[in-house]
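A.B. asks: The structure under discussion is supplied below as structure tokens; questions concerning it will follow.
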Amino acid sequence: MPDLYFRLMSLAFRVRDRIRPPGRLLVEIGIREGMTVVDYGCGPGSYVKEASGLVGAAGTVYAVDVHELAVEAVSHRSRKEGLANVIPILAKGYDSGLPDAVADLVYALDMFHMVENQKAFLAELHRITKPDGTLILDDGHQPREKTRRALLDSGFWSIEEETTDHLRCRPLAAVD
Numbered sequence: 086m087p088d089l090y091f092r093l094m095s096l097a098f099r100v101r102d103r104i105r106p107p108g109r110l111l112v113e114i115g116i117r118e119g120m121t122v123v124d125y126g127c128g129p130g131s132y133v134k135e136a137s138g139l140v141g142a143a144g145t146v147y148a149v150d151v152h153e154l155a156v157e158a159v160s161h162r163s164r165k166e167g168l169a170n171v172i173p174i175l176a177k178g179y180d181s182g183l184p185d186a187v188a189d190l191v192y193a194l195d196m197f198h199m200v201e202n203q204k205a206f207l208a209e210l211h212r213i214t215k216p217d218g219t220l221i222l223d224d225g226h227q228p229r230e231k232t233r234r235a236l237l238d239s240g241f242w243s244i245e246e247e248t249t250d251h252l253r254c255r256p257l258a259a260v261d
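Quick note: the sequence shown uses our numbering, first residue 86, plus one each step.
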């Protein structure tokens, strides 16, 4: 994604966040104190402050993105707002660099439509999610059926719940 496009997207997100504050969704998806949460495709960090507050000092928020400007924006915001439990990470392709089974909950919001190799992406999310963890995935700008099909065909996830906003998924057991 070119830098100019990222900057325009960041501006659009600021407007969106004033209309629909992101904190409400994070409470609804079940982020709680002490959790390790991954904001995958964090962009400029629309959700990091709220996620940081919900997990508290005992929790961690990994803010992962493939775009260097996104990671810089989250780093700046975390320092400025004293979000000591937010760790920005620059992903290399679909590799987040996170340890296996680190996350209680992973959310990937408004970005799945931009993922070229959705199976590889879903494999990485499966790798970093605890066996009893949760993935919250929204469609982005693609039809729900395409998202559902990608999840089910990946062999990594089962769909536990569908709402108008997102899908709640559980990791399937790894096959050796």
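Think of the CB as a built atom: it goes at the ideal place given N, C-alpha and C, for glycine as much as any other residue.
#1: Once the 5 residues before and after residue 206 are set aside, which same chain residues still bring their CB inside 7 Å of it?
#2: Leaving out five residues before and five after residue 224 in sequence, what residues of the same chain have Cβ atoms less than 6 Å from its Cβ?
#3: If you reduce the DSSP assignment to three classes, tell me which class residue 292 lands in.
#4: Taking 6 Å as the limit between beta carbons, can you name the residues of its chain near residue 162, skipping five residues before and five after?
#5: By Cβ distance, which residues of its chain are closer than 8 Å to residue 133, with the 5 residues on each side in sequence left out?
#6: Determine the contact status of residue 244 and residue 252, defining contact as a CB-CB distance below 8 Å.
#7: Are the beta-carbon atoms of residue 235 and residue 203 separated by less than 8 Å?
#8: Mind checking whether residue 135 and residue 115 have CB atoms under 8 Å apart?
#9: For residue 150 and residue 174, I'd like the C-alpha separation in whole angstroms.
#10: For residue 122 and residue 190, I'd like the C-alpha separation in whole angstroms.
#11: Expressed to the nearest angstrom, what Euclidean distance is found between the alpha-carbon atoms of residue 250 and residue 112?
#12: Got a sec, what are the start and stop residues for the beta strand (DSSP E) residue 189 sits in?
#13: Excluding the 5 residues flanking residue 153 on each side, which residues of the same chain have their C-beta closer than 8 Å to its C-beta?
#14: Could you tell me the distance, in whole angstroms, from the CA atom of residue 241 to the CA atom of residue 188?
#15: Between which two residues does the alpha helix (DSSP H) containing residue 204 stretch?
#16: When you compare the CB positions of residue 144 and residue 119, do they come within less than 8 Å of one another, or not?
#17: Mapping DSSP to helix, strand and coil, what is residue 238?
C.D. replies: Working from what's here:
#1: 179 and 200
#2: 232
#3: Here the chain comprises residues numbered 86 to 261, so residue 292 is not present and cannot be evaluated.
#4: 130
#5: Sequence-distant Cβ neighbours of residue 133 in its own chain, meaning closer than 8 Å and more than five residues away, are 124, 127, 146, 148, 159, 162, 163, 168 and 171.
#6: yes
#7: yes
#8: Their beta carbons are not under 8 Å apart, which means residue 135 does not touch residue 115 by this criterion.
#9: 7 Å
#10: Computed Cα separation, rounded: 5 Å.
#11: 14 Å
#12: 188–193
#13: 175
#14: 15 Å
#15: Bounds of the alpha helix (DSSP H) holding residue 204 are 203–213.
#16: yes
#17: helix
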